[in-house]
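Asker: In the working numbering, each residue's number is its place in the sequence shown (first place is 1) plus 46.
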Amino acid sequence: MDNKDILKQLESARQKYLPNNIKAIIIAEAAPDSLERFFYYENVRTADYLFLGIIGVLYPEAKGLYLDNNRNPRMKELILKQFQSDGFYLLDLFELPVSMNKDSEGVAVMKLSNKLEKLVSKNTPIILVKATVYDIVYYRLKSKFNIIDKRIDFPGSGNQTKFYEKFSEVIQRLK
Numbered sequence: 047m048d049n050k051d052i053l054k055q056l057e058s059a060r061q062k063y064l065p066n067n068i069k070a071i072i073i074a075e076a077a078p079d080s081l082e083r084f085f086y087y088e089n090v091r092t093a094d095y096l097f098l099g100i101i102g103v104l105y106p107e108a109k110g111l112y113l114d115n116n117r118n119p120r121m122k123e124l125i126l127k128q129f130q131s132d133g134f135y136l137l138d139l140f141e142l143p144v145s146m147n148k149d150s151e152g153v154a155v156m157k158l159s160n161k162l163e164k165l166v167s168k169n170t171p172i173i174l175v176k177a178t179v180y181d182i183v184y185y186r187l188k189s190k191f192n193i194i195d196k197r198i199d200f201p202g203s204g205n206q207t208k209f210y211e212k213f214s215e216v217i218q219r220l221k
């Protein structure tokens, strides 16, 4: 599969859960190099760190049930539909996984900015996940969008607790 096909496949999965009314955008770095672990794929068997981190804050009971039921794809679909209906949407800074990415940071930010202009108002909160994403995006787009000034760790590699604390704080501020 070439990069164009991969991009089309990822965007198709993402579009399926586009909210009618976006209340907040979460921006992560990129789809994982192991594409089968993409946030918006329903059947992810392992290492679904970003999904589990986000729903652990937003829907802790649903996370427990999902894990207790062997990561049932139907349950993940229902959680993603709740995420959608609550107005949350996840985008990535880079369109393709890091190992396949050919865009410079500047090009990636420009593409992201163009997407955001089509999706949100100037007041829609935008949450950046991962220190590198914050470092690349915050100062370049803060004058144009409502970027939350919080460096949130990615919920993997032992940073799950830091993610939970910082993401929870941001979500509480949005309420």
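No residue lacks a Cβ here, since even glycine has one placed at the ideal position from N, Cα and C.
Count the other CB atoms, across all protein chains shown, that sit within 10 Å of the CB of Lys148; report buried if there are 16 or more and exposed otherwise.
Answerer: The residue in question, Lys148, is exposed, as its Cβ has fewer than 16 Cβ neighbours within 10 Å.
Asker: Should Gly102 be labelled buried (16 or more other beta-carbon atoms within 10 Å of its own) or exposed?
Answerer: Gly102 is buried by the Cβ-count criterion.
Asker: Mind checking who Asn192 pairs with in its DSSP beta bridge?
Answerer: Paired residues: Pro171.
Asker: Taking 9 Å as the cut-off, decide whether the C-beta atoms of Val166 and Ile194 are in contact.
Answerer: No.
Asker: Have a look at Phe213, Leu174, Tyr112 and flag the residue whose alpha-carbon is nearest the alpha-carbon of Lys188.
Answerer: When each option's Cα is compared against that of Lys188, the closest is Leu174.
Asker: Contact between the region 116 to 128 and the region 83 to 97: three or more CB pairs below 8 Å?
Answerer: As far as the Cβ criterion goes, the region 116 to 128 touches the region 83 to 97, which means the pair count is three or higher.
Asker: With three or more beta-carbon pairs closer than 8 Å as the criterion, would you say the region 132 to 143 touches the region 62 to 74?
Answerer: These segments touch.
Asker: Is Glu141 buried or exposed, if buried means 16 or more other CB atoms sit within 10 Å of its CB?
Answerer: It counts as buried.
Asker: Could you name each continuous beta strand (DSSP E) segment of 3 residues or more that falls completely within the region 108 to 164, going from the start of the chain to the end?
Answerer: Taking only runs of at least 3 residues, the beta strand (DSSP E) segments lying wholly in the region 108 to 164 are 134 to 138.
Asker: Is the region 167 to 186 close to the region 199 to 212, with three or more CB pairs under 8 Å?
Answerer: Counting Cβ pairs under 8 Å, three or more are found: they touch.
Asker: Taking its Cβ as the centre, do 16 or more other Cβ atoms sit within 10 Å of Val90, making it buried, or is it exposed?
Answerer: Buried, because 16 or more other Cβ atoms sit within 10 Å of the Cβ of Val90.
Asker: Under 9 Å, do Lys190 and Lys168 count as touching if we go by C-beta distance?
Answerer: Yes.
Asker: Starting from the Cα of Ala76, find the closest Cα among Leu139, Arg60, Val153, Glu88 and give me that residue.
Answerer: When each option's Cα is compared against that of Ala76, the closest is Leu139.
Asker: So what does Ala76 bridge to, in DSSP terms?
Answerer: According to DSSP, Ala76 bridges with nothing at all.
Asker: Could you check how far apart the C-beta atoms of Asn66 and Met146 are, in whole angstroms? I think they sit under 8 Å.
Answerer: That belief does not hold up - the Cβ atoms of Asn66 and Met146 are roughly 31 Å apart, past 8 Å.
Asker: With which residues is Ala70 paired in a DSSP beta bridge?
Answerer: DSSP, once it has assigned bridges, lists Phe134 as partnering Ala70.
Asker: How should Tyr222 be labelled, buried or exposed, when 16 other C-beta atoms within 10 angstroms of its C-beta is the threshold for buried?
Answerer: Missing from the structure shown is residue 222; the chain here goes from 47 to 221 and no further.
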